[in-house]
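Protein chains in written order, with this note's numbering: chain A, 747 to 1022; chain B, 747 to 1022.
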């Protein structure tokens, strides 16, 4: 078998479930020639209500599975995993590892004018304070900014149910975000890969003066830069996308269509991650 | 060490998380002298969106852990697990195994006058058709009854968030249950251990003419009968309750208080279930 050059290898993306498809979609739009392997840990979804130790263990198993497939870059397309497991993943892999928190935090620092940034995410992400650390640690004015955070546990089930613009979604958005709006944030980081599905409803409630930061877009830009820097960009071929889940492929396909549209999903297989 | 007699042993209860505490509460009220070991699989919660194969595998691991503790009876206090894994659990254990579906189904058959029974539960429970089978298979008029089912995926996250009587809960109840109400069911089975938390809101929407069946109460009655039949009732001592979770004991304690009240939880430990 011919040995693949590094740049020919696929990008590996994992998420706790379908949420990371928002990141895949942005990568595919920006880098249409790259092969991608996507892994959704649907047997153990969601990660947002679990402890850091458990999220790290699950993330390591996901990474090992993808490494075995021969990837050139690992993307943790899950805010909860990015918040707690990047150091462990970097220690384990010899390839570039990228999360979704740093890119979103940097974009928020660039965008704010009032100096008040809101961050919403799962319980685990908010509790980790990863966004505060990334924003305060950003170059320039980071240290002087005010960061106001709020966990929104019902946004993930609402997005998965497809209730993204109905009255239940509107009222839930109001309850969770009223305080952030009243405090006058001018930038709001959507710190969970599911939240972009609720973007319209969130934007309507927060008002047009507030900029919503979608980590998926920012992460895709970072991936492109990192591939260029490491001379790993793939050019001039048709891309292949393979999907793996740890459970319930039917549900993944169904919910995946909410994220990617009717023809979005490629080949889908099931894998037992507890072996990794 | 003195050998324990069978009746001295504790009852083992498992659930995917905190939901089974509604069953524990009813057992403790009815059988205050029984020792109980409760296991919540919080590392892999929820089960309701997972495949039958995965739910069976997780349930078997839960059962093995409890069997190792020396229990006299196994209670699957989770509708999703009861819907798909009882045959596998009975094959694996030499002790009585009881689920929450049969007791609820029997109570519904006894109660209905119009012959129209509604059943609500998780996606996995509804898809399994376990309630239809249990109702149709019940003695007496079972076969002639009409069963109308509806999965309500947002009820579990709403209950865990403690949003059980607010406007979001009310609107969600209306969207999910309107069809069942319009079709004139006179009995509604709350086919998920979380749903009794939403009982008031559901009752208000369905009207006082509709009887809500809480599997927890019915299951506790069945457990008492089964212990009597097998001469396993424990008498004349103070009961001990031990709690185990596979992840995030802090969150379990916090949400557990919504179910059991401030002083409800006993000793709580964490266990790695993937070893079983």
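By construction, the Cβ of each residue, glycine as well, lies at the ideal position given by its N, Cα and C atoms.
By how many angstroms is the C-alpha of residue j removed from the C-alpha of residue i?
i: residue 775 of chain A; j: residue 769 of chain A; result: 10 Å
i: residue 782 of chain B; j: residue 827 of chain B; result: 19 Å
i: residue 780 of chain B; j: residue 952 of chain A; result: 53 Å
i: residue 821 of chain A; j: residue 897 of chain A; result: 23 Å
i: residue 761 of chain A; j: residue 786 of chain A; result: 5 Å
i: residue 751 of chain A; j: residue 978 of chain A; result: 9 Å
i: residue 911 of chain B; j: residue 918 of chain B; result: 11 Å
i: residue 1035 of chain A; j: residue 939 of chain A; result: Only positions 747 to 1022 of chain A appear in the structure, and residue 1035 of chain A is not among them; the question remains open.
i: residue 754 of chain A; j: residue 980 of chain A; result: 6 Å
i: residue 870 of chain B; j: residue 798 of chain B; result: 7 Å
i: residue 1014 of chain B; j: residue 935 of chain A; result: 36 Å
i: residue 913 of chain A; j: residue 924 of chain A; result: 16 Å
i: residue 819 of chain A; j: residue 1004 of chain A; result: 26 Å
i: residue 1002 of chain A; j: residue 967 of chain A; result: 23 Å
i: residue 778 of chain B; j: residue 1011 of chain A; result: 53 Å
i: residue 816 of chain B; j: residue 944 of chain A; result: 48 Å
i: residue 885 of chain B; j: residue 892 of chain B; result: 15 Å
i: residue 922 of chain B; j: residue 900 of chain B; result: 9 Å
Just to make sure I have the definition right: I need the residues of chain C whose C-beta is within less than 8 Å of the C-beta of residue i. Which are they?
i: residue 914 of chain B; result: Checking the listed chains, one finds no chain C in this structure; the protein chains it contains are A and B.
Give the residues of chain B in contact with residue i, contact being defined as C-beta atoms less than 7 Å apart.
i: residue 796 of chain A; result: 789, 993 and 994
i: residue 907 of chain A; result: 899 and 900
i: residue 903 of chain A; result: 899, 900 and 903
i: residue 933 of chain A; result: In chain order: nothing, as chain B lies at least about 26 Å away.
i: residue 895 of chain A; result: Residues of chain B passing the Cβ test: none, with the nearest at roughly 17 Å.
i: residue 965 of chain A; result: Neighbours of residue 965 of chain A on chain B: none; closest Cβ ~26 Å, over 7 Å.
Residue i lies in the alpha helix (DSSP H); which residues open and close that run?
i: residue 879 of chain B; result: 876-882
i: residue 1002 of chain B; result: 995-1006
i: residue 771 of chain A; result: 767-776
i: residue 957 of chain A; result: Not the alpha helix (DSSP H): residue 957 of chain A falls in the beta strand (DSSP E), residues 957-960.
Kindly indicate the opening and closing residues of the beta strand (DSSP E) around residue i.
i: residue 788 of chain A; result: Taken as a continuous stretch (DSSP letters only), residue 788 of chain A belongs to no beta strand (DSSP E), as it is neither H nor E.
i: residue 988 of chain A; result: 987-991
i: residue 897 of chain B; result: 892-897
i: residue 948 of chain B; result: First-last for residue 948 of chain B: 945-952, but that is the alpha helix (DSSP H), not the beta strand (DSSP E).
i: residue 866 of chain A; result: 862-867
With DSSP collapsed to three states, give me the class of residue i.
i: residue 1104 of chain A; result: The structure shown does not extend to residue 1104 of chain A, since chain A spans only 747 to 1022, so no value can be given for it.
i: residue 826 of chain B; result: helix
i: residue 818 of chain A; result: coil
i: residue 747 of chain B; result: In this predicted model, residue 747 of chain B has a pLDDT of only 47, less than 50, meaning its place in the structure is not dependable; the value taken from the coordinates is given anyway. Of the three classes helix, strand and coil, the one that applies to residue 747 of chain B here is coil, per DSSP.
i: residue 932 of chain A; result: coil
i: residue 1014 of chain A; result: strand
i: residue 850 of chain B; result: helix
i: residue 1019 of chain B; result: helix
i: residue 910 of chain B; result: coil
i: residue 764 of chain B; result: coil
i: residue 795 of chain A; result: coil
i: residue 841 of chain A; result: coil
Please compile the residues from chain B whose C-beta is within a distance smaller than 9 Å of the C-beta of residue i.
i: residue 997 of chain A; result: 795, 796, 797 and 869
What residues of chain B sit near residue i, judged by a beta carbon separation below 8 Å?
i: residue 1020 of chain A; result: 1020
Can you list the residues of chain A that residue i reaches, using a CB-CB cut of under 7 Å?
i: residue 737 of chain B; result: There is no way to answer for residue 737 of chain B, as the model of chain B reaches only from 747 to 1022.
List the residues of chain A whose Cβ lies closer than 8 Å to the Cβ of residue i, in chain order.
i: residue 858 of chain B; result: What residue 858 of chain B touches in chain A: nothing, since even the nearest Cβ is about 29 Å away.
Please determine if the segment 846-859 of chain B and the segment 952-963 of chain B are in contact, where contact requires at least 3 C-beta pairs separated by less than 8 Å. Put simply, the segment 846-859 of chain B touches the segment 952-963 of chain B. At least three CB pairs are less than 8 Å apart.
Taking contact to mean at least 3 C-beta pairs separated by less than 8 Å, is the segment 850-870 of chain A in contact with the segment 903-910 of chain A? Of all C-beta pairs linking the segment 850-870 of chain A to the segment 903-910 of chain A, fewer than three are shorter than 8 Å, placing the two stretches out of contact.
Give a yes or no on contact between the segment 996-1006 of chain A and the segment 790-804 of chain A, applying the rule of three or more CB pairs nearer than 8 Å. No, because fewer than three Cβ pairs between the segment 996-1006 of chain A and the segment 790-804 of chain A fall closer than 8 Å, the two stretches do not touch.
Three or more C-beta pairs closer than 8 Å, one from the segment 880-890 of chain B and one from the segment 800-814 of chain B: is that the case here? By the Cβ test, the segment 880-890 of chain B is not in contact with the segment 800-814 of chain B, since fewer than three Cβ pairs between them sit closer than 8 Å.
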